[in-house]
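Protein chains: 2
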Amino acid sequence: MRYELYYWTGIQGRGEYVRLALEDAGAVYIDVAREKGDDAITPFLRGEHPGSLPFAPPFLKAGRTVIAQVANILLFLGPRLKLVPDSASAQSYAHQVQLTLADFVVEIHDTHHPIASGQYFEDQREAAIRRSEDFRKHRLPKFLDYFEHVLERGGKKHVLRTHSYVDLSLFQMMSGLDYAFPKAMRRLNRRMPLLRGVQQRVADRPNIAAYLTSGRRLAFNESGIFRHYRALDDH
Amino acid sequence: MRYELYYWTGIQGRGEYVRLALEDAGAVYIDVAREKGDDAITPFLRGEHPGSLPFAPPFLKAGRTVIAQVANILLFLGPRLKLVPDSASAQSYAHQVQLTLADFVVEIHDTHHPIASGQYFEDQREAAIRRSEDFRKHRLPKFLDYFEHVLERGGKKHVLRTHSYVDLSLFQMMSGLDYAFPKAMRRLNRRMPLLRGVQQRVADRPNIAAYLTSGRRLAFNESGIFRHYRALDDH
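If you read the protein sequences in the order shown, they are chains A and B.
The numbering of the first sequence is the working numbering, which starts it at 3 and goes up by one.
The numbering of the second sequence is the working numbering, which starts it at 3 and goes up by one.
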């Protein structure tokens, strides 16, 4: 199967969780918009293709099947790329943790856009500072503690006692948080040794290491979900 | 199977999407916290039960299986309650639309809590007014148009050409929006005839009609996700 990934060019964004799974598994895929431009995405959103109607990218095309929503794409890809155990209960739990990570990603995004995703950061800067204060104080440690607890349960090295797409997504989450909130993440370092372990082990996986130094891995930037604004980090 | 639903007492909240599925199917279930108090929930969040670790309620206990995240619970219950077609592609699409609805619910919640979910509305009222203006102008019509388009594709009466748990969730979404933003919803009425149709047909289903007039259906209130504050609606 040759997969087609549809996601906006110029940022890692939510497409990156899917990309990491495809890269880790050595899957054959096309990053369609990077080859043909963002215009390749819009006909799907307008409903000009049959089947599943996506609200937004990323979506994946596998043959004639179109699947949207990051966690749903990974639910589909997991067994096909051997990135999740065979049992239904393990797949359900992997998906549950992935959905919680997706909720966290929304909160991370909203630290810099608490008022309107369609307006500039500078126009919501004061609200962003307030939201980020609460985020660093309450939400960031709460979510990190949860994922640390999940790893503890999984035997300390993985969410699921074996490598899975959820570990890959935890790597992306940690890398993005390190980029966006370097001081807050250093402050919280001691309470997340297991997360740091997963992050390092994923980075060391041969296909991931090769991907991270390739041109396909874009740098984090201030158009993406994880943005570094000094005013939003610890002081 | 006797299901156990765990969700905070006092509000419909995210538990309601699960409740509507259980009620519509005539399933046997216990709303555990309503019988034993909210304290019944916390041991699961602390990790004192084996298996899946929930980040937050709602979660469902089915035998020894614990499943969290609304859309994941419905993904699990759908085939068991015959609230989704048999085919894998239909179930994947149902789940995708449900996940988009879950994203929308976050945005609806954040209209009244754009800064911090742990702080009072009154302490983030000005930010809430700004976020709600953008929500009513951009996000509300964008999501409603999407779901209307989904219904158009499904043959106009259902998301999936037949009744499913997603229709039940659309009913809840529409009812909540009517409660929270009555003026904005009236303004947008003409662009969502299919959503209005689903909302009415779900309300008329015998088990749902019986549920809605029972004591089990709590009223919307200003502790829940859908809150009515006049300052946040059209003027």
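Ideal placement from N, C-alpha and C gives every residue a C-beta, glycine not left out.
In this structure residue 70 of chain B does not touch residue 101 of chain B by the C-beta definition: roughly 14 Å separates them, more than the 8 Å allowed. The beta carbon of residue 152 of chain A sits closer than 9 Å to some beta carbon of chain B.
Sequence-distant partners of residue 166 of chain A (beyond 5 residues in either direction) whose C-beta falls short of 6 Å from its own C-beta, in its chain, are 85, 86 and 96.
The Cβ-Cβ distance between residue 230 of chain A and residue 183 of chain A falls below 9 Å. The region 92 to 164 of chain B is shown to contain whole alpha helix (DSSP H) runs of 4 or more residues at 127 to 136 and 142 to 155, in chain order.
For the pair residue 12 of chain A and residue 215 of chain B, the Cα-to-Cα distance works out to about 52 Å. Excluding sequence positions up to five before and after residue 225 of chain A, its CB lies within less than 8 Å of the CB of 12 and 13, all in the same chain and listed in chain order. The residues 109, in chain order, have a CB closer than 7 Å to that of residue 141 of chain A in the same chain once the five nearest residues on each side in sequence are set aside. For residue 44 of chain B, the enclosing alpha helix (DSSP H) begins and ends at 44 to 47.
With a 10 Å radius around the Cβ and a threshold of 16 neighbouring Cβ atoms, residue 129 of chain B comes out buried. The beta carbon of residue 93 of chain B is closer than 8 Å to those of 77, 80, 81, 86 and 87 in its chain, skipping five residues each way along the sequence. With contacts defined by Cβ atoms closer than 9 Å, residue 133 of chain B and residue 112 of chain B form a contacting pair.
The C-beta of residue 70 of chain A comes closer than 9 Å to at least one C-beta of chain B. Between the region 42 to 58 of chain A and the region 192 to 207 of chain A there are fewer than three C-beta pairs closer than 8 Å, too few to call the two in contact. When C-beta distances to chain A are compared with 7 Å, the residues of the region 89 to 108 of chain B below that value are 91, 94, 95, 97, 98, 101, 102 and 108, in chain order.
Within the region 48 to 61 of chain B, the residues whose Cβ lies closer than 7 Å to some Cβ of chain A are 49, 54, 55 and 57, listed in chain order. Under DSSP, residue 68 of chain B shares a beta bridge with B/63.
Contact annotation: in the region 29 to 46 of chain A, no residue has its CB less than 8 Å from a CB in chain B. Within chain A, no C-beta atom comes less than 7 Å from the C-beta of residue 123 of chain B; the nearest is roughly 14 Å away.
For residue 129 of chain A, the C-beta contacts it makes with chain B under 9 Å involve 116, 117, 126, 128, 129, 132 and 133, in order along the chain.
At a Cβ-Cβ threshold of 9 Å, residue 7 of chain A and residue 15 of chain A do not count as neighbours. Among the residues facing chain A, residue 77 of chain B is included, as its CB has a counterpart in that chain under 9 Å away. Rounded to the nearest angstrom, the gap between the Cα atoms of residue 188 of chain B and residue 37 of chain B is 38 Å. Per DSSP, the unbroken beta strand (DSSP E) holding residue 33 of chain B starts and ends at 31 to 33. The beta carbon of residue 34 of chain A is closer than 7 Å to those of 6, 7, 8 and 42 in its chain, skipping five residues each way along the sequence.
With respect to the C-alpha of residue 123 of chain B, the residue from B/31, B/3, B/26 and B/234 having the closest C-alpha is B/234.
With respect to the C-alpha of residue 145 of chain A, the residue from A/103, A/47 and A/162 having the closest C-alpha is A/103. Selection A/75, A/44 and A/125 evaluated against residue 168 of chain A yields A/75 as nearest (Cα-Cα).
At least one CB atom of chain A sits nearer than 9 Å to the CB of residue 73 of chain B. Annotation for residue 176 of chain A: 197 and 201 place their beta carbon closer than 7 Å to its own, counting only its chain and skipping 5 residues before and after. DSSP assignment within the region 196 to 222 of chain A yields the following whole alpha helix (DSSP H) runs of 4 residues or more, N-terminal first: 208 to 214. Neighbours of residue 155 of chain B in chain A, taken as residues whose beta carbon is under 8 Å from its own, are 49 and 55 in chain order. Closest option to residue 170 of chain A, judged by alpha-carbon separation, among A/136, A/46 and A/211: A/211. For residue 8 of chain B, the secondary structure class from DSSP, reduced to helix, strand or coil, is strand. Linking residue 116 of chain B to residue 56 of chain B through their CA atoms gives a straight-line distance of about 24 Å.
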